[in-house]
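Report on one structure; see the data block that follows.
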Ligand SMILES: [Zn+2]
């Protein structure tokens, strides 16, 4: 049951193309939904990649409501609704899931 909350989190980084192709986005920090057109700020660049055109074309959506990098679009295949966003919020921000570290496959 944990993996289904870990996987969608990966869709919150460098997700510009996916978010812009979505019809509805949600933020699991503030648990709000909004159309991708509302997103006006994109992050994800840092000193290691700010001059990398691929990184610049990527970008990570910043929530238009709270500024958090916790935006996921419905193009990810996940349901963008209050129930899903609340589950993600609890898992990632309230740390209600206890998980032992695993090596990446
Ligand atoms: Zn938000």
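In our numbering, the protein residues as written are 1 to 105.
Glycine included, every Cβ here is placed at the ideal spot set by N, Cα and C.
Quick caveat, the model's predicted, so the values are computed rather than measured.
- Query: So, helix, strand or coil for residue 85, using DSSP?
  - Reply: Numbered from its first residue, the chain shown carries residue 85 at position 85. In this structure, residue 85 counts as helix in the three-state DSSP scheme.
- Chain-order list of residues whose beta-carbon lies under 7 Å from that of residue 1 (same chain, five-residue window excluded): Numbered from 1 along the chain shown, position 1 holds the residue referred to as residue 1. Annotation note: pLDDT 45 at residue 1 (below 50); position unreliable, no value reported.
- Pick out whichever of 17, 8, 81 and 94 has its Cα sitting closest to the Cα of residue 61. The sequence position of residue 61 within the chain shown is 61, counting from 1. The alpha carbon of residue 61 has as its nearest neighbour, out of 17, 8, 81 and 94, the alpha carbon of 17.
- Message: Quick check on the contact list: which residues have their beta carbon closer than 5 Å to a heavy atom of ligand 1?
- Response: Result (chain order): 27, 29, 30, 63, 65, 66 and 68.
- Task: Tell me whether residue 61 sits in a helix, a strand or coil according to DSSP, three-state version.
- Result: Counting from 1 along the chain shown, the entry for residue 61 is found at position 61. Three-state result, residue 61: strand.
- Neighbourhood of residue 32 by C-beta distance below 6 Å, restricted to the same chain and skipping five residues each side: The residue given as residue 32 occupies position 32 in the chain shown. Taken in chain order, the residues that qualify are 65.
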